[in-house]
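Step one of this worksheet: look at the structure below.
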Amino acid sequence: MRRRHAAAGGVLAGLAIVVVVVHGVGAYFAYSFYQAGSRIFVTEQTQEVVPGSGDPGTEPLVATPFATPQTRAARINVLLTGIDSGPGRNHSLNDTLIVASIDPVSHKVAMVSFPRDIANFPLYNGGRYTDKINSLMTYAGNHKDKFPDGPLPTLIKELGYLVGAPIHYYAAVDLEGFRSLIDKVGGVDIDNPRPINDPVYGGWTDKRPIGFSLSAGVHHLDGQSALAYVRSRKGPGDSDFSRARRQQQLLVALARKLSDPKMLPRLPDILTVAGDTVRTNFPSDRLREMIDLTQGIPDSAIMRIVLSPPYSTRPKTKSSTYTLELNSVRLAAVSIKVFGAESAYVNLAPGTFPPPGE
């Protein structure tokens, strides 16, 4: 039987629930955990819409069953996705795609971000997908004949195929509720590496530009500022790639904040927001195991990679649509760097992707 370890979901998606389990707090907190946990932790019997959508007719894009891949490897891999299903949308876009991986032996973590504009890539079940990767989940839901696995399992299997290692769990966060979650924990501290000056940033619900600026250095961000920090991309020198790096940084900062025992008095409110914002198939009864594994991992043990150029490049095309194509040689190098001998790219000819179905 495959040895089971705690998942990297604990690094970013376990949320404050881990504190409840570890500290064994009273009945009020236990009740809050039960109320929120029944919504956060989806099971094979759950049919769940995208967190935060609230629309009765919405296609259950974040739905199970999702069979955990069998593997002899100790490393556990989790897809962390931020889903843009805000008001007025009749579909959902995965504007954040991060494969987080934890090695329980070395206690090291890797985060690999896939830019949303990656397109024209090979599929795990054969053929190619020519549109952008952030639309794959919705497309799969509308073409069940081509993607019988279902929307979210299709995305999970595809990213696992591209990165060269199976993905065992997922955590989906609705970006509309992200601001409230940050506010409930009292904000987060980040060290901004370079100034941001985005005059056209439109906020979350505002259709008119409200702008966002932030100087370089250490800042304490509330929910609105944190959301701008991970969504802004139009300032000088900024792009989807710099935004992806900030997303990784902020998620780690949030995980650090949530693991602080000082958060205990805030847990009921945090859990209520998390219940509306987060969905994961990580087993809730293994959260204590997970926190024991991930607690105390220093920033120096977290490898952060964004598949920006040279890992992906703009193709030569007459199309006005901005897309990127993966460089398979460099992607293979990333996969082997992160997963070592477990990578599906080991022993493959340079410039090739793993065979479909693997």
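Just add 258 to the spot in the sequence shown (first one is 1) and you have the numbering used here. All C-beta atoms in this analysis are idealised placements derived from N, C-alpha and C, irrespective of residue type, glycine included. What you are looking at is a predicted structure, and each value in this text was computed from that prediction instead of being measured.
So, with DSSP's three-state summary, where would you put residue i?
{"i": "Thr-579", "result": "coil"}
{"i": "Gly-418", "result": "helix"}
{"i": "Pro-411", "result": "helix"}
{"i": "Tyr-286", "result": "The pLDDT assigned to Tyr-286 is 40, lower than 50, so where the model puts this residue is not dependable; a value taken from the coordinates is nonetheless given after this. It is helical."}
{"i": "Pro-523", "result": "helix"}
{"i": "Ala-486", "result": "helix"}
{"i": "Ala-602", "result": "coil"}
{"i": "Pro-406", "result": "coil"}
{"i": "Val-300", "result": "coil"}
{"i": "Ala-429", "result": "strand"}
{"i": "Asn-585", "result": "coil"}
{"i": "Ile-528", "result": "helix"}
{"i": "Lys-366", "result": "strand"}
{"i": "Thr-610", "result": "coil"}
{"i": "Ala-358", "result": "strand"}
{"i": "Asp-449", "result": "strand"}
{"i": "Ser-371", "result": "strand"}
{"i": "Ser-497", "result": "coil"}
{"i": "Val-536", "result": "strand"}
{"i": "Ala-511", "result": "helix"}
{"i": "Ala-559", "result": "helix"}
Can the beta-carbon of residue i be found closer than 7 Å to that of residue j?
{"i": "Thr-229", "j": "Leu-439", "result": "For the chain, the structure presents residues 259 to 616; residue 229 sits outside this window and is missing."}
{"i": "Gln-506", "j": "Arg-452", "result": "no"}
{"i": "Leu-417", "j": "Leu-338", "result": "no"}
{"i": "His-365", "j": "Ile-560", "result": "no"}
{"i": "Leu-617", "j": "Phe-436", "result": "Residue 617 is absent from the model: the chain starts at 259 and stops at 616."}
{"i": "Pro-614", "j": "Asn-383", "result": "yes"}
{"i": "Arg-213", "j": "Asp-353", "result": "For residue 213 there is no data in the structure shown, the boundaries of the chain being 259 and 616."}
{"i": "Ile-376", "j": "Leu-582", "result": "yes"}
{"i": "Pro-608", "j": "Val-587", "result": "yes"}
{"i": "Arg-537", "j": "Val-300", "result": "yes"}
{"i": "Ala-368", "j": "Val-596", "result": "yes"}
So, at 6 Å on beta carbons, what are the nonlocal neighbours of residue i in its own chain, with the 5 sequence-adjacent residues on each side left out?
{"i": "Asn-488", "result": "It should be pointed out that residue 488 corresponds to Val in this sequence rather than to Asn. Only Arg-504, Gln-505, Leu-508 meet the Cβ criterion."}
{"i": "Pro-467", "result": "Val-458, Gly-460"}
{"i": "Ala-662", "result": "Residue coverage of the chain in this structure runs from 259 to 616, which leaves residue 662 outside it and unanswerable."}
{"i": "Lys-520", "result": "none"}
{"i": "Lys-576", "result": "none"}
Within a Cβ cutoff of 8 Å, which residues of the same chain sit near residue i, ignoring the five residues on either side of it in sequence?
{"i": "Arg-623", "result": "Residue coverage of the chain in this structure runs from 259 to 616, which leaves residue 623 outside it and unanswerable."}
{"i": "Ser-558", "result": "none"}
{"i": "Arg-524", "result": "Ala-274, Lys-442, Val-443, Gly-444"}
{"i": "Tyr-580", "result": "Asp-375, Arg-572"}
Report the CB separation of residue i from residue j in whole angstroms; it is logged as a contact under 8 Å.
{"i": "Gly-493", "j": "Tyr-603", "result": "Gly-493 to Tyr-603, Cβ: 35 Å. No contact."}
{"i": "Leu-512", "j": "Ser-371", "result": "Actually they do not touch by this definition, with Cβ atoms about 16 Å apart."}
{"i": "Leu-584", "j": "Leu-420", "result": "7 Å"}
{"i": "Thr-412", "j": "Phe-405", "result": "5 Å"}
Would you say the beta carbon of residue i comes nearer than 6 Å to a heavy atom of the ligand ADP?
{"i": "Tyr-397", "result": "As presented, the structure is devoid of all ligands, the ligand ADP included, so that no description of it is given."}
Once the 5 residues before and after residue i are set aside, which same chain residues still bring their CB inside 7 Å of it?
{"i": "Tyr-387", "result": "Phe-379, Leu-381, Leu-394"}
{"i": "His-478", "result": "Gly-445, Asp-447"}
{"i": "Val-476", "result": "Asp-447, Asp-449"}
Would a check of beta-carbon distances place residue i closer than 7 Å to chain D?
{"i": "Val-536", "result": "Looking at the structure shown, chain D is missing, and only one protein chain is on hand."}
When the Cβ atoms of the stretch 386-393 are set against those of the stretch 560-570, are three or more pairs found closer than 8 Å? no
So, does the stretch 452-459 touch the stretch 418-430, judging by three or more C-beta pairs under 8 Å? no
Taking one C-beta from the stretch 587-594 and one from the stretch 395-410 each time, how about it: are there three or more such pairs within less than 8 Å? no
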